[in-house]
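Beneath this line is the structure, given in structure tokens, with notes to follow.
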Amino acid sequence: MSPTTRKEPRRIKDMSLPSEQVAHVEPQDLVPLPPPYDKLEEQPRFKPLSDDSRAKLEASLDDTLCIGCPKPASKEEEERLIQAFISGLHKLFTKENNWTFLQPLTLSMEHCARCQTCVDDCPVYEESGKNEVYRPTYRSEILRRLYFKYVKPGLPGFQTFQNGGIELNWTLISRLLELSYRCTLCRRCAQSCPIGVDNGLITHEIRKLFSSEMGLTAKDLHEKGTVQQLAVGSSTGMIPVVVKDNIEFIDEDMTDRTGIKVETKWDVEGAEVLLLHNAGEILAWPDNPGCFALLLDAAGISWTMSSDLVGYDGVNYGLFYDDVQLARIAYRHFEIAKKLKVKKIVMGECGHESKALGVIADRVFQGIPRETAMTLMADIVFSGRIKFDPSRNDFPVTLHDPCNLARAMGVIEPQRKVLRYLAPRFREMHPHGVRNYCCGGGSGFAIMSQFNFQDWRLQINGRRKFRQILEAFQDTDLTSNDPKYVCAPCSNCKGQIRDLFDYYGAKEKSGLHYGGLVELVVNAMVDLKEPFINWEIM
Amino acid sequence: MTVFHILAYASLLVLGAGVIARILRLASMPLHLRWELYPVPHERGRAGYGGSRLEEVNWWTKSHRADHVTELRTMLMEILLLKGVWEHNRPLWLSTFTLHFGLYLLIGEAALLVLGGLLILTGGALPQALGAVILALAWAGYLMGLAGSVLMLGRRLFDPKLRAFNSSGHLFNLLLLGAIHATGLLWIAGDPLYISRLTGFLAGLAAPAGPFNLPMLGYWHVGLVLFFFVYFPFTHMTHAFVKYFTYHNVRWEDEPNLPGSRLQEKIVRLESQAPTWAAPHIGADGKKTWVDIVTKTGEEKS
Ligand code: SF4
Ligand code: SF4
Numbered sequence: 274m275s276p277t278t279r280k281e282p283r284r285i286k287d288m289s290l291p292s293e294q295v296a297h298v299e300p301q302d303l304v305p306l307p308p309p310y311d312k313l314e315e316q317p318r319f320k321p322l323s324d325d326s327r328a329k330l331e332a333s334l335d336d337t338l339c340i341g342c343p344k345p346a347s348k349e350e351e352e353r354l355i356q357a358f359i360s361g362l363h364k365l366f367t368k369e370n371n372w373t374f375l376q377p378l379t380l381s382m383e384h385c386a387r388c389q390t391c392v393d394d395c396p397v398y399e400e401s402g403k404n405e406v407y408r409p410t411y412r413s414e415i416l417r418r419l420y421f422k423y424v425k426p427g428l429p430g431f432q433t434f435q436n437g438g439i440e441l442n443w444t445l446i447s448r449l450l451e452l453s454y455r456c457t458l459c460r461r462c463a464q465s466c467p468i469g470v471d472n473g474l475i476t477h478e479i480r481k482l483f484s485s486e487m488g489l490t491a492k493d494l495h496e497k498g499t500v501q502q503l504a505v506g507s508s509t510g511m512i513p514v515v516v517k518d519n520i521e522f523i524d525e526d527m528t529d530r531t532g533i534k535v536e537t538k539w540d541v542e543g544a545e546v547l548l549l550h551n552a553g554e555i556l557a558w559p560d561n562p563g564c565f566a567l568l569l570d571a572a573g574i575s576w577t578m579s580s581d582l583v584g585y586d587g588v589n590y591g592l593f594y595d596d597v598q599l600a601r602i603a604y605r606h607f608e609i610a611k612k613l614k615v616k617k618i619v620m621g622e623c624g625h626e627s628k629a630l631g632v633i634a635d636r637v638f639q640g641i642p643r644e645t646a647m648t649l650m651a652d653i654v655f656s657g658r659i660k661f662d663p664s665r666n667d668f669p670v671t672l673h674d675p676c677n678l679a680r681a682m683g684v685i686e687p688q689r690k691v692l693r694y695l696a697p698r699f700r701e702m703h704p705h706g707v708r709n710y711c712c713g714g715g716s717g718f719a720i721m722s723q724f725n726f727q728d729w730r731l732q733i734n735g736r737r738k739f740r741q742i743l744e745a746f747q748d749t750d751l752t753s754n755d756p757k758y759v760c761a762p763c764s765n766c767k768g769q770i771r772d773l774f775d776y777y778g779a780k781e782k783s784g785l786h787y788g789g790l791v792e793l794v795v796n797a798m799v800d801l802k803e804p805f806i807n808w809e810i811m
Numbered sequence: 008m009t010v011f012h013i014l015a016y017a018s019l020l021v022l023g024a025g026v027i028a029r030i031l032r033l034a035s036m037p038l039h040l041r042w043e044l045y046p047v048p049h050e051r052g053r054a055g056y057g058g059s060r061l062e063e064v065n066w067w068t069k070s071h072r073a074d075h076v077t078e079l080r081t082m083l084m085e086i087l088l089l090k091g092v093w094e095h096n097r098p099l100w101l102s103t104f105t106l107h108f109g110l111y112l113l114i115g116e117a118a119l120l121v122l123g124g125l126l127i128l129t130g131g132a133l134p135q136a137l138g139a140v141i142l143a144l145a146w147a148g149y150l151m152g153l154a155g156s157v158l159m160l161g162r163r164l165f166d167p168k169l170r171a172f173n174s175s176g177h178l179f180n181l182l183l184l185g186a187i188h189a190t191g192l193l194w195i196a197g198d199p200l201y202i203s204r205l206t207g208f209l210a211g212l213a214a215p216a217g218p219f220n221l222p223m224l225g226y227w228h229v230g231l232v233l234f235f236f237v238y239f240p241f242t243h244m245t246h247a248f249v250k251y252f253t254y255h256n257v258r259w260e261d262e263p264n265l266p267g268s269r270l271q272e273k274i275v276r277l278e279s280q281a282p283t284w285a286a287p288h289i290g291a292d293g294k295k296t297w298v299d300i301v302t303k304t305g306e307e308k309s
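What follows is the structure, encoded as structure tokens:
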């Protein structure tokens, strides 16, 4: 069987047929980027997988690997894995194992009309040149056919007649595992489904089946992610003493640069706000927590951070693959807030943290109220407590809407209100807000670079966002490095945008910079002797 | 009572039981984690751009009144005009709209026929105006339904975007609907007594007395409709009413679990179940409850 190209629709059944590789994307299949990024020969090359990886790992889906599941050592092991998958499939549809999503999943399994109305809204499918296996409905259809075959078979032959058949074997299972990590769970496709079927949710549930029953998942999400976070306190590996050291350093640096004394508060009982950052900010974008500390003090808010294990890291990768891990981390966050007797938790500039703790965990534990940093910032900016000079932000600014904030929480206006006031050259991307495109780093991809996965997530997954950013600055000179700022109020999105800009050399070529919202707010504060943003060190 | 009577009762029974069973099964599924998807149309003043109450500082202290008018308008636009398909899959819209709208018209016709049947049973006669409306609905319904079935069948067969996902059932469903509309159309075109025969049929179902007075085409048409009733509850076509759940129970379901909320009691019950997931990091043994697994274990395992 030859690899799929956009010209050759791939039948669902073919996924069970052994072959070297099902899908392949050529550089010329990809949707072109606008100038000065339009020359194929100047684009980074997609590194092929090594022969060793192909020999040892299940790599027959496409050009990359995310999970890199080892090939079974024997027929017996293969059979054991198949049985484990079937067992997990059954459990996925039981109350005791999956009460968390049983109803939405069943609804999505049983009522899809296969009308394909959702497919053109998926950036992965579109940007790949409409490669069949990246269709939002493709992986869903595999699970659906397995569901009707094993979980809800009905009269003999009826479900195959109604829903199509499929052969279950290890080839199919291993491809489905990889395929569940080719979707960012952005749920843009779900918005366009007239019936209310959610292909993003189905992907989430496939990941859960593999993780919760078979222990198969992405190392960056599990071992280095939730497991490490629960064990040492943060998915970054930072233990409490290291976090405190790092923050102390950030405070000193902020004080030096702004002339305003910045001092982070730790473990203050009864504070109004428990500020919970994605700990990645502390290591990768220290200006962000530094600016929050400065801003909250300037606004006269009583706030604190927590030095308890997990209490200084709002990351919750459980959201992307495993409800139990999600709940374990959310429980810690709630307990810490309770112990500190704070009035509310404010979730820093992190989309998935905001969704996990702010919305999803709401049905796991009843806890201290939570709100996003967007709302608090808008409140501070328009409270009159701080003086601003918007002319300090006199450079082109555009806004990326993190999917988890916009589509999953409906938090859209506060950040815009701030930008319309404080960034005189603010312009929107199109589409934006609730219909935004994912940065391509969603569902944990931003932290994944194993094998050649980085090439895939930057060339295919992040392509739509990169194109949108370039289009937003079309009225500027994209061949000059005059600074342009992409405001991305989310740590994971920032990670992906950083990698996109590095990959395409966009900072040097076009002056593209990125950062959060709070940096722009602080940059415009009149109390600062000089603007805070320094393009040289960004 | 004839065999046809028995078949008709049986198919109505299967339809009723099948629909009710599906509704009960879905409605009795446990409360799930929040998974709403914006825009949520009952967000007063914010639905237009997809905003939510979470945009407000200290949102839990503010009163929240749902905007049911916008929600209803959104539902009607979706149900009657298939707005989602119009916006996201324009090439498919004409075929699916004609198919669906034809069915709505025929449902309207059926409701008026039942009314007519009741009038006859109670000794009255069918008012002329009502008869005219029934005829208009039937003609328009059959024509649109047939056109929609044929157009959809064409799309399913020839549009590569849809073809790879077809099952035999999808094609059969369209053929069946097409056959229902075609027989209806032929019958109404050739039989001036179309309405009285159908009202008579319905009255005969309610009060069985001898065989029905239907022409051969009528028997075919009614027979196909009855078969559809038996078949429908077991297909994805139930999305017609299940859409209520996908929208109201998932996509637009945004009730927060605030202190005093009725949700908390349900959650505590759900968390007292014992999962059996087999991956070691979960630590399930079929006895430990979900909440114990989450709050008391897991830190050290990978
Ligand atoms: S998920 Fe929705 S839009 Fe996509 S094929 Fe199924 S019914 Fe159609
Ligand atoms: S959730 Fe997003 S990435 Fe996944 S299939 Fe849907 S649109 Fe594509």
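One line per chain: the protein sequences are A and B, in this order.
Under this note's numbering, the letters of the first sequence match residues 274 to 811, in that order.
Under this note's numbering, the letters of the second sequence match residues 8 to 309, in that order.
The beta-carbon is built from N, C-alpha and C at its ideal position, and this holds for glycine as well.
Every value quoted in this text rests on a predicted model; they were computed, and no experiment measured them.
query	result
Stretch pair the region 319 to 326 of chain A + the region 362 to 370 of chain A: three plus CB contacts closer than 8 angstroms	no
Beta carbon proximity, Asp635 (chain A) to chain B, threshold 7 angstroms	yes
Cβ-based burial, Val8 (chain B) [other Cβ within 10 Å; buried from 16]	Looking at the sequence itself, residue 8 (chain B) is Met, so the reference to Val does not match. Answer is exposed; the Cβ neighbour count stays below 16.
Phe522 (chain A): contacting residues in chain B (beta-carbon distance under 8 angstroms)	Those do not exist, as Phe522 (chain A) stays about 28 angstroms from chain B at its closest Cβ, beyond 8 angstroms.
Thr410 (chain A): contacting residues in chain B (beta-carbon distance under 8 angstroms)	Phe172
Within-7 angstroms CB hit, Ser59 (chain B) to chain A	yes
Cβ contact check for the region 555 to 562 of chain A and the region 471 to 491 of chain A: 3 or more pairs under 8 angstroms	no
Thr81 (chain B), enclosing alpha helix (DSSP H) - first and last residue	His75 to Leu88
Whole-Å CB distance - His786 (chain A) paired with Lys767 (chain A), under 8 angstroms assumed	Between Lys767 (chain A) and His786 (chain A) the Cβ distance is about 11 angstroms, and since that is not below 8 angstroms, they are no contact.
Cys388 (chain A) beta carbon near ligand 1 (any heavy atom closer than 6 angstroms)	yes
Met682 (chain A) at chain B interface by Cβ criterion, 7 angstroms	yes
Beta-carbon proximity check, Ala629 (chain A) vs Leu569 (chain A), cutoff 7 angstroms	no
Where the beta strand (DSSP E) through Glu644 (chain A) begins and ends	Arg643 to Thr645
Closer than 7 angstroms to chain A by CB, Glu62 (chain B)	yes
Interface positions of the region 330 to 363 of chain A facing chain B (Cβ-Cβ less than 8 angstroms), listed along the chain	Ala357, Ser360 and Gly361
Local Cβ density within 10 Å of Val334 (chain B), reported as buried at 16 or more and exposed below that	One cannot answer for residue 334 (chain B) here, as it falls past the ends of chain B, which runs 8 to 309.
Where Glu803 (chain A) sits in the DSSP three-state scheme	coil
Residue environment, Asn677 (chain A), which counts as buried when at least 16 other CB atoms sit within 10 Å	buried
Proximal residues to Gly123 (chain B) (C-beta, below 6 angstroms), its chain only, five neighbours per side dropped	Leu133 and Thr206
Below-7 angstroms beta-carbon distance, Tyr56 (chain B) vs any chain A residue	yes
Nearest residue (CA-CA) to Leu128 (chain B), options B:Ala214, B:Leu184, B:Val298 and B:Gln135	B:Ala214
Minimum Cβ-Cβ distance from Pro276 (chain A) to chain B less than 7 angstroms	With a pLDDT of only 49 at Pro276 (chain A), under the threshold of 50, the placement of this residue in the model should not be trusted, and no figure is reported.
Distance cut-off 6 angstroms: Cys462 (chain A) Cβ against heavy atoms of ligand 2	yes
Amino acids of chain B, ordered along the chain, whose beta-carbon sits closer than 8 angstroms to that of Glu686 (chain A)	Arg53, Tyr56, Gly58 and Glu62
Cβ-heavy atom distance, Cys466 (chain A) to ligand 2, below 6 angstroms	no
The region 608 to 625 of chain A: positions lying closer than 8 angstroms to chain B by Cβ	Lys617
Nearest-angstrom Cα separation, counted from Ala281 (chain B) out to Asn370 (chain A)	8 angstroms
Runs of alpha helix (DSSP H) wholly within the region 559 to 634 of chain A (minimum 4 residues, chain order)	560 to 571, 596 to 613 and 624 to 631
Chain-ordered neighbours of Ile300 (chain B) on chain A, where CB pairs are closer than 9 angstroms	Val597, Ala600 and Arg601
Val470 (chain A) beta carbon near ligand 1 (any heavy atom closer than 6 angstroms)	yes
Test: Gln741 (chain A) CB closer than 7 angstroms to a CB of chain B	no
beta-carbon Thr457 (chain A) near ligand 2 non-hydrogen atom, thresh 6 angstroms	yes
CA-to-CA distance, Pro309 (chain A) to Arg530 (chain A), given in whole angstroms	35 angstroms
Beta carbon proximity, Val707 (chain A) to chain B, threshold 7 angstroms	yes
Span of the alpha helix (DSSP H) around Leu193 (chain B)	Ser175 to Gly197
Cβ-Cβ distance between Ile523 (chain A) and Gly563 (chain A) below 7 angstroms	yes
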